[in-house]
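In terms of our numbering, the sequence shown opens at residue 237 and continues consecutively. Each residue gets a CB set at the ideal place from its N, CA and C atoms; glycine is no exception. Heads up, the thing below is written out as structure tokens.
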Amino acid sequence: MDYNKVREIWTADPRIGKSHIFVYKDKRGYGRSCLPKDISSLERQAQEIGSDTSLISLVISKNKVYKK
Numbered sequence: 237m238d239y240n241k242v243r244e245i246w247t248a249d250p251r252i253g254k255s256h257i258f259v260y261k262d263k264r265g266y267g268r269s270c271l272p273k274d275i276s277s278l279e280r281q282a283q284e285i286g287s288d289t290s291l292i293s294l295v296i297s298k299n300k301v302y303k304k
């Protein structure tokens with residue numbers, strides 16, 4: 237997947253600020269209070285209904301590495 241192409245399409249939506257889609261080498265990952273909680277909840281709910289959670293589990297795992 238071409239990140240630049242995805243970014244171009246995503247930012248065509250005027251509700252998405254361009255400052256929210258840059259990738260900074262030394263500031264990867266997500267934090268604060270809501271998003272980590274929401275993503276963990278999404279993973280739990282997906283597990284409860286038997287959905288494949290491999291992608292979201294990988295995202296959570298990688299974020300822990302990035303936030304160290």
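Backbone secondary structure at residue i - three-state DSSP
i, result
"residue 303", "coil"
"residue 280", "helix"
"residue 295", "helix"
"residue 287", "coil"
Test item: CB-CB of residue i and residue j under 9 Å
i, j, result
"residue 303", "residue 265", "yes"
Backbone CA spacing between residue i and residue j [nearest angstrom]
i, j, result
"residue 288", "residue 257", "26 Å"
"residue 284", "residue 270", "21 Å"
"residue 261", "residue 239", "15 Å"
"residue 237", "residue 243", "11 Å"
"residue 275", "residue 292", "8 Å"
"residue 301", "residue 245", "28 Å"
"residue 255", "residue 296", "23 Å"
"residue 286", "residue 277", "14 Å"
Closest Cα partner of residue i within the set the options
i, options, result
"residue 299", "263, 278, 280 and 286", "263"
Heavy atom of the ligand PLP within 8 Å of residue i beta-carbon
i, result
"residue 295", "Only the bare structure without any ligand can be found here, which leaves the ligand PLP out of the picture."
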